[in-house]
Amino acid sequence: DSGVTQTPKHLITATGQRVTLRCSPRSGDLSVYWYQQSLDQGLQFLIHYYNGEERAKGNILERFSAQQFPDLHSELNLSSLELGDSALYFCASSGGVGEQFFGPGTRLTVL
Amino acid sequence: DAKTTQPPSMDCAEGRAANLPCNHSTISGNEYVYWYRQIHSQGPQYIIHGLKNNETNEMASLIITEDRKSSTLILPHATLRDTAVYYCIVRVYNNAGNMLTFGGGTRLMVKP
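In the order they appear, the protein sequences are chains A and B.
Following our numbering, the numbering of the first sequence begins with 132 at its first residue and continues without gaps.
Following our numbering, the numbering of the second sequence begins with 52 at its first residue and continues without gaps.
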């Protein structure tokens, strides 16, 4: 158990819909990272937040957005969903510049 | 971040040492070598990291060549639970943009 929690575990929705994925980092960790893992793209970095501020963006679509709240939990919002958005979404947390601890992921299926 | 090259797959007999190689010939002086693994579809798990000295923890050993252009992750007594995809990642250890860039990794199959 990494100490990082993600909800929900599974999400099935239809094209065009909007969903929110939630991540609670390890106690005391200020950084939250979001990654997407699809069958054809592998694990890809989406976005990094540090203590409520966006620090870095990766291959994140404009239809996707994220935020980190004062209690340090983070949400990833995916809108206008397409079939190709079906993937595993992981969040990770770290305490600074060290290793990252990953959550169990949310499996998103878009039908 | 420097690019890494790993064999796509390897087999190892249960109880034997698993030696997973990684080439990172363009590594810079301030870049560390990190190893993560992903068991089935679980979240990646941190294993170990190092700069230039060999490192060991309860999970594995990391051997980095003197020129730092390659490294080997060693699982001393592989078990069936070590079957996973192992990722070698090279990156700078600082506060700016600490994202991990995952390549294809090595799929290690531990066989009875």
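Glycine residues also receive a C-beta, built at the ideal position from the N, C-alpha and C atoms.
Quick caveat, the model's predicted, so the values are computed rather than measured.
{"Query": "Is it buried or exposed, residue 92 of chain A, if we count other Cβ atoms within 10 angstroms and call 16 or more buried?", "Result": "Absent from the model: residue 92 of chain A. The displayed extent of chain A is 132 to 242, so no value can be given."}
{"Query": "Quickly, what does DSSP pair residue 221 of chain A with across the bridge? List them, please.", "Result": "A:166"}
{"Query": "Since residue 142 of chain B and residue 85 of chain B should fall inside the 8 Å C-beta cutoff, what is the C-beta to C-beta distance between them, to a whole number of angstroms?", "Result": "7 Å"}
{"Query": "Between the C-alpha atoms of residue 119 of chain B and residue 144 of chain A, what's the straight-line distance to the nearest angstrom?", "Result": "47 Å"}
{"Query": "Which residue from A:199, A:179 and A:183 puts its Cα closest to that of residue 191 of chain A?", "Result": "A:179"}
{"Query": "At what residues does the beta strand (DSSP E) containing residue 176 of chain A begin and finish?", "Result": "173-181"}
{"Query": "Using CA coordinates, which residue listed in A:154, A:171 and A:182 is at the minimum distance from residue 235 of chain A?", "Result": "A:154"}
{"Query": "DSSP three-state label for residue 119 of chain B, please.", "Result": "coil"}
{"Query": "Pick helix, strand or coil for residue 142 of chain B, following the three-state DSSP scheme.", "Result": "strand"}
{"Query": "Assign residue 234 of chain A to one of three DSSP states: helix, strand, or coil.", "Result": "coil"}
{"Query": "With distances taken Cα to Cα, identify the nearest neighbour of residue 166 of chain A among A:240, A:224, A:241 and A:229.", "Result": "A:224"}
{"Query": "In chain order, what residues of the stretch 172-184 of chain A put their CB closer than 7 Å to some CB of chain B?", "Result": "173, 174, 176 and 179"}
{"Query": "Applying the 10 Å Cβ sphere with the 16-neighbour rule, what's the burial state of residue 94 of chain B?", "Result": "buried"}
{"Query": "By the three-class DSSP mapping on this structure, what secondary structure does residue 88 of chain B have?", "Result": "strand"}
{"Query": "Between residue 220 of chain A and chain B, is any beta-carbon pair separated by less than 8 Å?", "Result": "no"}
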